[in-house]
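Position 84 (the sequence shown) corresponds to 292 in the numbering used here; numbering is contiguous.
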Amino acid sequence: MNNFVSTQGINFLLAILNGVFLGFLYDLIRVFRRMVKHPRWLVSLQDFIYWVVSSFIIFLEIFHHNDGSLRGFLCLGVVLGLTLYFLLVSKLVLCVFMKIYHVIVKIVKGILHILWLPIRLLLKPITFLGKKLYKRLKKFGKWLIIKYKKVKRSLKIIRKKK
């Protein structure tokens, strides 16, 4: 009997840990939602998938550790683990993951800025030359239009004389 009680106690603790793990898993989804905006239907789909996966994890844990025997205290353990996680640790985990995300974004922006610098330096003279060429071509185009109009007038005068 003593062995049975200790086994059930261990199963209860494992159920609490399972609840903590499921809370952590949901926080990962929440962090992802904060990083990337989602439409409502996608949030609902993510929640549905989360609960399907959670049910599967709980089933595997019960099947593996308790021979598939569903006991009320195991469900209570999962709920207790989830509750303790969300009351005690969830805000800290979200804060840490968001800080990590912002640090990664800053690092990536810095790397892209460094990689973009030589390209900008190469593009400056090309842009300068392109602007100069554009101005010259524009002046040449205006000159051509003026000459074309003069030639056209001259041709009209010649045609009228004939």
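The beta carbon of each residue, even a glycine, is placed where N, CA and C say it ideally should be.
Exposure label - residue i; buried when at least 16 CB within 10 Å
i           : result
residue 293 : buried
residue 226 : buried
residue 214 : exposed
residue 228 : buried
residue 374 : Outside the modelled stretch of the chain, which goes from 209 to 370, sits residue 374, for which no answer is possible.
Rounded separation between residue i and residue j - CA only
i           : j           : result
residue 319 : residue 220 : 48 Å
residue 333 : residue 327 : 11 Å
residue 217 : residue 308 : 37 Å
residue 297 : residue 323 : 39 Å
residue 364 : residue 329 : 53 Å
residue 350 : residue 343 : 11 Å
residue 354 : residue 331 : 34 Å
residue 356 : residue 348 : 12 Å
residue 255 : residue 306 : 20 Å
residue 183 : residue 287 : A question about residue 183 goes unanswered here, because the residues of the chain that appear run from 209 up to 370.
residue 339 : residue 317 : 30 Å
residue 212 : residue 267 : 21 Å
residue 236 : residue 325 : 35 Å
residue 361 : residue 352 : 14 Å
residue 243 : residue 341 : 45 Å
residue 251 : residue 321 : 34 Å
residue 301 : residue 335 : 48 Å
residue 234 : residue 314 : 25 Å
residue 311 : residue 345 : 48 Å
residue 291 : residue 210 : 29 Å
residue 284 : residue 249 : 30 Å
Contact belief for residue i with residue j at Cβ below 8 Å, rounded distance in angstroms
i           : j           : result
residue 179 : residue 289 : The structure shown has nothing for residue 179, since the chain only spans 209 to 370.
residue 278 : residue 270 : 6 Å
residue 230 : residue 273 : 16 Å between Cβ atoms; not a contact.
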